[in-house]
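Enquirer: Numbered per numbering that gives the first Met the number 0, the sequence shown spans residues 0 to 248.
There's a structure below that I have some questions on.
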Amino acid sequence: MSRSRFRPCIDLHDGQVKQIIGGTLSETAPETLKTNFVSRLVYNNLEGGHVIKLGPGNDAAARDALSSWPGGLQIGGGINVNNAQEWLDAGASKVIVTSYLFPEAKFSLERLEALSSAIGKDKLVVDVSCRKRGEGWFVAMNKWQDITDMEVTRESLNMLSKHCSEFLIHAADVEGLCQGIDEALVTKLGEWIAIPCHISSYLVAGIDDLDLVHQLSGGKVDLTYGSSLDIFGGSLVVFADLVAHDSKS
0 MSRSRFRPCI
10 DLHDGQVKQI
20 IGGTLSETAP
30 ETLKTNFVSR
40 LVYNNLEGGH
50 VIKLGPGNDA
60 AARDALSSWP
70 GGLQIGGGIN
80 VNNAQEWLDA
90 GASKVIVTSY
100 LFPEAKFSLE
110 RLEALSSAIG
120 KDKLVVDVSC
130 RKRGEGWFVA
140 MNKWQDITDM
150 EVTRESLNML
160 SKHCSEFLIH
170 AADVEGLCQG
180 IDEALVTKLG
190 EWIAIPCHIS
200 SYLVAGIDDL
210 DLVHQLSGGK
220 VDLTYGSSLD
230 IFGGSLVVFA
240 DLVAHDSKS
C-alpha cells in the first residue's frame, strides 16, 4: 500500500502568503474576506507542494517562489493554454488549472484536451475543488464562488485523469476552518481516483489527520497543511513536528 504524504502549500493574495477561509474569497465583495493569518514565510525542500495565486497582483511573488526552488513547486491561479508553458519555463514542476476548463461554468473537454496536448499530461494538474450540494460535491471555480455543472464522481474523475497526471482538491465550504477531515469525501476519493491526488489544507486540525487520511483513502490521497501550522499563526501543528512525523511514515 502507498502512504499518504504531507505536502506544502502556499496561497498568495495581494502578493502575500495568506491562509484564507475559502468560501469568503470574492472579488465583488472583498470586505467579506476572512484571513486566518498573513505570513512572509515561504518554505521548501518538501516535494509535490503548490503555490496558488488568488487573484491579480501575485505574479511577482509567485515567480519569486518558483525561482527559489526550480522544479520543486506546482503553480495555479489563472492558468490557461496561452500561459501554461510560460509558468513551466519560470520553474514550476506542473501547472494547476480549474476555471479555464469551465467557460460560463460549463465543462469544456475541448479546452482540457488542448491544454494537455500543449504541455503534456504529465505537466498538468486538474483542480477539482468542490462545494457540497445535497449528497454530492460539485466543482467550484472563480475563487470557489461559482458552482459548475461537473459533479465529482468516479466517472468524472476517470474522464479527467485521461488528460492530466494529478488532482488537487479543496473543499471550499470549510477551507481554512481547521475543524478536521471530511471523512466522507476522503473515503470516496480513495475509492474513485486512479492517479495521484492531494487535498489542500482546508480541514486539517492536527498531525493525526495525516494518518486518518491514509487510513480512509488507502494511502491514495496526500494532504497539505496551512492554517493549523505554527508558521502560519496556527496553534494546532508545529511545522517541525509534522516534517518529522512524515519522514517516519
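By construction, the Cβ of each residue, glycine as well, lies at the ideal position given by its N, Cα and C atoms.
Here the structure is a predicted model, which means the values were calculated and not measured.
(1) Hey, how far is the Cα of Ile74 from the Cα of Glu134?
(2) Mind pulling the alpha helix (DSSP H) runs of 4 or more residues that sit fully within the segment 88-132?
(3) When you compare each of Met158, Gly205, Cys8, Gly56 to Gly71 by their alpha carbons, which one comes out closest?
(4) I think His49 touches Leu188, with their Cβ atoms under 8 Å apart; what is that distance to the nearest whole Å?
(5) For Asp207 and Ser3, which I take to be in contact (beta-carbon distance under 8 Å), what is that distance rounded to the nearest angstrom?
(6) Return helix, strand or coil for Glu134, following the three-state DSSP convention.
(7) Is the segment 53-68 close to the segment 107-122, with three or more CB pairs under 8 Å?
(8) Count the other CB atoms within 10 Å of the CB of Ala243; is the residue buried (16 or more) or exposed (fewer)?
(9) Would you call the CB atoms of Ala89 and Arg62 closer than 8 Å?
(10) List the whole-angstrom C-beta distance separating Leu241 from Tyr224, where the pair is believed to meet the contact cut-off of C-beta under 8 Å.
(11) Between the C-alpha atoms of Glu150 and Val127, what's the straight-line distance to the nearest angstrom?
(12) From Ala139 to Ala239, what does the alpha carbon distance come to, in whole angstroms?
(13) In three-state terms, what does DSSP make of Lys52?
(14) Which partner residues of Ile168 appear in the DSSP bridge assignment?
(15) If we ignore side chains and look at the alpha-carbon of each, how far apart do Ile194 and Gly47 end up?
(16) Can you tell me whether Lys120 is buried or exposed, with buried defined as 16 or more other CB within 10 angstroms of its CB?
Expert: Working from what's here:
(1) Taking the straight line joining both Cα atoms gives about 31 Å.
(2) As far as the segment 88-132 is concerned, its whole alpha helix (DSSP H) runs of at least 4 residues are 108-118.
(3) That would be Cys8, whose Cα lies nearest to the Cα of Gly71.
(4) Between Leu188 and His49 the Cβ distance is about 17 Å, and since that is not below 8 Å, they are no contact.
(5) Incorrect: roughly 12 Å between the Cβ atoms, too far for contact.
(6) Of the three classes helix, strand and coil, the one that applies to Glu134 here is coil, per DSSP.
(7) No: fewer than three Cβ pairs fall under 8 Å.
(8) Its Cβ having fewer than 16 others within 10 Å, Ala243 is exposed.
(9) For Ala89 and Arg62, yes; Cβs fall inside 8 Å.
(10) The C-beta distance from Leu241 to Tyr224 rounds to 6 Å, short enough to fall under 8 Å.
(11) The straight-line gap from Cα to Cα measures roughly 9 Å.
(12) Each residue's alpha carbon lies about 33 Å from the other.
(13) DSSP places Lys52 in the strand class (E or B) of the three-state scheme.
(14) Ile198, per the DSSP bridge assignment.
(15) Spanning the alpha carbons of Ile194 and Gly47 requires a straight line of approximately 14 Å.
(16) Of the residues assessed, Lys120 falls on the buried side of the cut-off, its CB having 16 or more other CB atoms within 10 angstroms.
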